[in-house]
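Residue numbers (our numbering): 1 to 63.
In C-alpha coordinates form, the structure reads like this:
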(Lines of atoms letter the chains of each structure in order from A and count residues from 1; the text may use other names and numbers.)
(Lines give C-alpha, C1' and ligand atoms only; values in the text may rest on other atoms or scores of the structure.)
Protein backbone atom coordinates (compact mmCIF):
# COMPACT_ATOMS: atom_id res chain seq x y z
CA UNK A 1 0.00 0.00 0.00
CA UNK A 2 1.08 3.59 -0.39
CA UNK A 3 3.06 5.95 1.74
CA UNK A 4 1.89 9.56 1.48
CA UNK A 5 4.23 12.49 2.11
CA UNK A 6 2.37 15.69 2.92
CA UNK A 7 4.16 19.01 3.26
CA UNK A 8 2.23 22.06 4.39
CA UNK A 9 2.81 25.39 6.04
CA UNK A 10 2.73 24.96 9.81
CA UNK A 11 -0.27 26.06 11.82
CA UNK A 12 -2.80 23.23 11.53
CA UNK A 13 -4.14 21.78 14.76
CA UNK A 14 -3.69 18.18 15.84
CA UNK A 15 -7.43 17.69 15.27
CA UNK A 16 -7.17 18.95 11.67
CA UNK A 17 -4.25 16.60 11.03
CA UNK A 18 -6.12 13.72 12.64
CA UNK A 19 -9.13 14.31 10.36
CA UNK A 20 -6.86 14.63 7.30
CA UNK A 21 -5.09 11.31 7.90
CA UNK A 22 -8.38 9.56 8.67
CA UNK A 23 -9.90 10.74 5.39
CA UNK A 24 -6.81 9.97 3.29
CA UNK A 25 -6.72 6.49 4.80
CA UNK A 26 -10.46 5.93 4.24
CA UNK A 27 -10.31 6.99 0.58
CA UNK A 28 -7.17 4.96 -0.06
CA UNK A 29 -8.78 1.79 1.28
CA UNK A 30 -11.98 2.55 -0.65
CA UNK A 31 -10.17 3.05 -3.95
CA UNK A 32 -7.19 0.68 -3.71
CA UNK A 33 -8.43 -1.93 -1.23
CA UNK A 34 -6.26 -3.32 1.52
CA UNK A 35 -6.42 -2.43 5.18
CA UNK A 36 -6.08 0.91 6.97
CA UNK A 37 -3.03 -0.46 8.81
CA UNK A 38 -1.14 -0.64 5.52
CA UNK A 39 -1.47 3.10 4.74
CA UNK A 40 1.41 5.29 5.94
CA UNK A 41 1.19 9.08 6.04
CA UNK A 42 4.08 11.40 6.88
CA UNK A 43 3.27 15.05 7.62
CA UNK A 44 5.98 17.69 7.47
CA UNK A 45 5.17 21.13 8.87
CA UNK A 46 7.18 23.82 7.08
CA UNK A 47 7.79 27.29 8.52
CA UNK A 48 6.38 30.13 6.41
CA UNK A 49 9.90 31.51 6.00
CA UNK A 50 10.92 28.27 4.25
CA UNK A 51 8.10 28.17 1.68
CA UNK A 52 7.80 30.31 -1.44
CA UNK A 53 5.19 30.59 -4.15
CA UNK A 54 5.50 32.76 -7.22
CA UNK A 55 8.95 33.94 -6.19
CA UNK A 56 7.80 35.24 -2.80
CA UNK A 57 8.35 33.78 0.64
CA UNK A 58 5.15 33.26 2.59
CA UNK A 59 6.50 35.66 5.23
CA UNK A 60 6.30 38.48 2.67
CA UNK A 61 3.11 40.50 2.14
CA UNK A 62 0.73 39.19 -0.53
CA UNK A 63 -0.95 41.48 -3.04
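Here a beta-carbon is modelled for each residue, glycine too, at the ideal position from N, C-alpha and C.
Assuming residue i and residue j are in contact, meaning their beta carbons sit under 8 Å apart, how far apart are those beta carbons, in whole angstroms?
i	j	result
residue 46	residue 9	6 Å
residue 44	residue 7	5 Å
Tell me which residue opens and which closes the alpha helix (DSSP H) that residue i is part of.
i	result
residue 31	14–32
Kindly indicate which residue of the options has the alpha-carbon position closest to the one of residue i.
i	options	result
residue 4	42, 53 and 57	42
residue 27	51, 54 and 2	2
List the endpoints of the continuous beta strand (DSSP E) containing residue i.
i	result
residue 3	3–9
residue 39	From DSSP, residue 39 is part of no beta strand (DSSP E); its letter is neither H nor E.
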